[in-house]
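Numbering (our numbering), first residue to last: 137 to 1114.
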RNA sequence: GCGGGGGUGCCCGAGCCAGGUCAAAGGGGCGGGACUGAGGCUCCCGUGGCGUAGGCCUGCGUGGGUUCAAAUCCCACCCCCCGCACCA
C-alpha cells in the first residue's frame, strides 16, 4: 500500500535517520527532558492540542496538527519559556462502546476492521487475536489505542510532558467533570426539555452514526413533519406534511387503500393514522391506544373537514402514499405538489377505479387545483408546469416525481409568496409563512409535530428498526443564555486567532449557538451528578480539561482517591474558594498538597495557546470558550487559538472506504519522523490543505539528505580558527545567516510555520550552496560554515529535532539542543549593503545571459561598468527612504530641495521614473560596496558565464565603444559584450 | 439553501489583508548541460510569446469598474471545497 520508490542511497539515509530518531527519543525520555514544573523565575507558556479519541489508529492528518503544536512548543522552549505541553486521551461517547459491542456480537465487519488496526502495532497473529478478544470490553479498546498512540507520538519526537496523561474515563476525571456540571447547573446554564433522537426499537436505546447500518455512507437525519388534523366525524384524520403553508390549497386527502390504518386514542383525542404510525408515535412522547384496525379503502369516499378554512374535502385513493412514512395520510395540494397533481390526473382518467371505490367520477372531475403561491417563472400551477416539463405520466414514476417535488420545493421556499387567498398569511414569503402557519395550526389545536427519519427505513447494526423517539427529559446546555453569551463574546473579542480569517466562523457560531443536548443514555463517560441515568456527552466533557492537566500528576503521585475529589476540592484548587484547612479536613488531602496544586494551577493558567484543526471551530473550540468563561474569572480565560487545515493524499481525501488512509504509525517506520515533520510543515501554510504526495516527499527527503551530507562535512572540519580578515563573499554569507535568524524568529512569532521552514531549511541550504559557489578561500570558508552550522541547527531544532540534535552533538556539545537557547543574531554582521550588492551581481549575471541569448554572435569578453556618479545613489536612497507609496511628484519636490540633485534635474527625473517603473531596483547598495563587490566577484562572474570579465568604473571607463558606461545606474551596471 | 473559505504559470503552492520593486518565491514535472563506467544521485541553465543588448507584448476563474499604477481594491457572474449540532 505504500508506494515509496527510493534509491539504495535514499534507503540507507532513511535507515540512518530512523536510528538517530530512536536514539534521541530515548535520550529525551530518559532525561525527562520535557517534563515541566512551575518555576516562578521563568516566564511560562502553556499550550495544548486536543487529546485524541481512542477508537482507532491516528493518521497523517491528525499528525499534522500535533506536529505543528510540537514545533511551536519547541520554539517557545528555546526562547526561554517554561513550556507545558501535556497530552491525554478521550474515550467518552458512543463509538468505542459501539465498536466493542459489535466485536462482542461477532460482527465480522467490525472484527476484520479492528484486526487490521491491531496488526499495525502487533506482529504476532496469536497476539492480535488476543487483543481483539479483549476488545469486548470497551475500556480495553480505549487503553490499547491510548497506549499505541502514545508510542506514535513519542516516535514522532513530540516534546510532551507524559506524566500528566489520563483518559476521560478515569474516576479522577469523572470527579472533575461532575464538579464542572454542578457549577454549570448552579449558574442556571443546564435545562431540561423535549428532544427528538434516532432510536433503535430493538436495543431500546439511542443510536449514533456508527450504530446505523451503512451509517458511514449516508447521513441519517430527523425530519420534522406537521401532522394536520382533518375532522372526520368524531375523529381526526391526521395528514402529515413538510409544507404546512400549503394547507390553504388542499383539495382532498389521500390514503393508501391497501394499507392498514387504525383508529386510536392519542393523548385523549381519536386519531386515524396508519398502523405503523401509531407504533412510532408511542415513542414520540404520545400516549397511544389502538381501538380498531381496518384497510385504507374503508376511508375512501368519505369527507373530512380541513382546519384552515373549514372546507369539506374528499378522501381519495393513491398508491404513492406510504403507510410507513409519518402518519401514512397526506393531504393533496395539486397546484403545488407534483405527486398530488399526477395522482389526481390518474384518478380522473380512471373512472372505473372511482366506481370501484364508490366515488362519483363527476366529483373527482370537479376537483380543481387551488393556486396559493405566486412564484416568478411559473404559472399559477407550478406542479403542472414541472410535471409537463418532465413528461411524468403516472404516480408510479417516483424518481421523476421526487425530482419535480424538489424543484418546486426549492423554488417556492426561496422565491414564493403567499397569495391573497391565504389570509392572514397573504403576501408573506413562503419561507416565513411555513413557520407561521405551523404555529397557528398548533395553537388552534389542529396540528402537532411528528418526526420521521430520513432516509427511511433505517436499521441498527443489531438489526432493529431505527425510528425517531422523543425524549421528554433530555438535558441541555443552554448556550443561548444571554448572560453567558455576553461573556463568551467578550472572551472572543480579546482572543487572538490565527489564521485570523477564521474569526468570522467563531462569530457566526456564537451567534446561533443555543440549546445543546449534553447527555446521553448510553456510551462511556461521566454520569450527570444530578441525574445518574445520564452520561455526559463527549463534546460537553472536554471543554476545560486543560485545567486538569495542571494537577493530575499530583493526585496520582499522592495516591488520592476519586472519592476525595469532592466539589470543595475543585472549588479550592481551581477557584480559590473555601478555607483550605476545612477542605483538607473534609477531603483528607493534606493542606500543603492542596496549596501546591492551587499554586501549580495558577502558575500555568490561563492557557496561552490551543492549537487544533479548523473542524473544531463550530463545536469544541466554541464550547471551550463558553465553558471557560462560565467557570473561571476573566484573568484565566484562554488567550490564543491557532488552527490548521487537513491532509489529503495524492490529491484524494483519505477514507476507510477508499483504503487510502496512511496511519501515523507508518511514518517513523517507513519514512522518518523528521522527514514527515519537514514535509507536513513545508507543503502548505496552515490555512491550506496539505497534499501528501510521495513524489514531493521524496524530493524533500533528498534535500534533507543534502543537509545531512553538508552538515557532516562541516562537522569534520573540527575547530577552525577565525580568519583575521573576511572577504566580501564571507561577509555576505554571514549577513545572510544572521538576517535569516531574524526572519525565522519573526515567522515563528507570527505562527507562519511554512515561511519559517522555508527560510530555516530550504533558503538556508541554498545560502550555503551559493556561498560555496562564489567562494574560493578554503580556511575562511570552513570557519564561516561552522559558524553558520552552529546557528543553523538551532533554527532547525523545532521542525527536525532529531537530526538537529545529532549534528549538535557531533559538533561537540553535551547539552540537549532541545533545551538550548534560540540563536540571537549578530547584528554587526548584518550588512544590507553587501546583501544588496551581491544581489546586483547575480541580477547582472542574469541580464548578461539574456543579452547573450539574443545576440547573433558568441561573445568572449564582458565589460561591466559599475558605479555611476554618486548623486544617482543619493536619488535611490531618497526614493527608498520615502517608502513604496510615495508619488513621483513628491519625490521630485524633495529631490529638488537638494542642491546636488537640482544640478541634474532632468536626469534625476528620468531616474526616478525608471525606479518607479521597476527598471532600476529601489533598494541598492552604496557605490563603494557595489564597486568592491564586482571587483571581488569578477572571477566568479567569469566562471558562471564562461566569459572574460573586465570591471570598469562607470565614471571613467578605459574602453567603452558603445557608451554603455553612461547608461549605468545604481544596482544596474552597464554591460558591453564583444 | 444558509454560513464560511477559495479559484495564480504544465502540476503543487506562496503572494492578496497594508496596490507599484510581480512574468509572479519555492517545489515538482519537462528540456538542455556538467559530473560519472553508468545513472533513476548531485550541481548548473532554461521552461507564456516575440526579440541580433538587459526590451516589448500577453498574463493571476469570467466580465466590468476604481487608480498614474491591480494577481492584490470594488461590483456582477461562473466553478470548487468545508461546516450546518448530539459524530468525535
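Built from N, CA and C at the ideal position, the CB exists for glycine as well. Since this is a predicted model, take the numbers as computed values, not measurements.
For residue 476 and residue 404, the gap between their C-alpha atoms comes out near 31 angstroms. Residues 521 of the same chain have their beta carbon placed closer than 6 angstroms to that of residue 514, with the five preceding and five following residues left out of the count. Going by beta carbons, residue 970 and residue 1065 fall inside the 7 angstroms limit. Secondary structure in the region 567-645: the alpha helix (DSSP H) runs of 4 residues or longer, each lying completely within the stretch, are 618-630 in chain order. By the Cβ rule, the region 306-319 counts as touching the region 675-682, because three or more pairs are nearer than 8 angstroms. Of the candidates 243, 180, 355, the residue whose Cα lies closest to the Cα of residue 213 is 180. A residue is called buried once 16 or more other Cβ atoms fall within 10 Å of its Cβ, and residue 950, having fewer, is exposed. Runs of beta strand (DSSP E) with 3 or more residues, each lying fully within the region 952-1017, are found at 997-1002, listed in chain order.
Of all alpha-carbon atoms in 231, 552, 386, the one lying nearest the alpha-carbon of residue 503 is that of 386.
Annotated three-state conformation of residue 878 is helix, per DSSP.
In this chain, residue 804 is not harboured by any beta strand (DSSP E); it is covered by the alpha helix (DSSP H) spanning 802-806.
Between residue 1027 and residue 1018, the C-beta spacing is below 7 angstroms. If the five residues before and after residue 203 are omitted, its C-beta is found closer than 6 angstroms to the C-beta atoms of 813, 816, all from its own chain and listed in chain order.
Proximity to residue 391 across 409, 555, 343, 648 peaks at 409, based on C-alpha coordinates. Residue 686 is positioned such that its CB atom lies no closer than 7 angstroms to that of residue 768. The beta carbon of residue 907 sits closer than 6 angstroms to those of 869, all from its chain and outside the five residues before and after it, given in chain order. The beta-carbon distance between residue 880 and residue 931, rounded to whole angstroms, is 5 angstroms. This is short enough to meet the 8 angstroms contact definition. With respect to residue 227, residue 201 sits apart: the two C-beta atoms are not nearer than 7 angstroms. Here residue 381 is buried. Its C-beta has 16 or more other C-beta atoms within 10 Å. Between residue 1074 and residue 1085, the C-beta gap is smaller than 7 angstroms, which places the two residues in contact.
Straight-line measurement puts the Cα of residue 300 at about 6 angstroms from the Cα of residue 688. In this chain, the alpha helix (DSSP H) harbouring residue 250 covers 244-255.
It is roughly 17 angstroms from the alpha-carbon of residue 681 to the alpha-carbon of residue 712. The three-state reading of DSSP puts residue 270 in helix, counting H, G and I together. Counting C-beta atoms within 10 angstroms of its own C-beta, residue 911 has 16 or more neighbours from the protein chains shown and is therefore classed as buried.
Assignment of beta-bridge partners to residue 667 by DSSP yields 664. Between residue 268 and residue 250, the gap from beta carbon to beta carbon is short of 7 angstroms.
Here residue 959 has 877, 927, 930 as same chain residues with Cβ atoms under 6 angstroms from its own Cβ, once five neighbours each way along the sequence are excluded.
Here the alpha carbons of residue 571 and residue 580 stand approximately 14 angstroms from one another.
Within the model, the alpha-carbon separation for residue 339 versus residue 600 is close to 7 angstroms.
The secondary-structure analysis by DSSP pairs residue 328 across a beta bridge with 611. Rounded to the nearest whole angstrom, the CA to CA distance from residue 1053 to residue 1114 is 29 angstroms.
For residue 453, same chain residues with a beta-carbon under 8 angstroms away, outside a window of 5 residues either side, are 390, 391, 392, 393, 432, 433, 436, 483, 489, 493 in chain order.
Here the alpha carbon of residue 532 sits roughly 57 angstroms from the alpha carbon of residue 764. Its Cα nearest to that of residue 413, the residue 376 stands out among 383, 272, 370, 376. Residue 409 is bridged by DSSP to 398.
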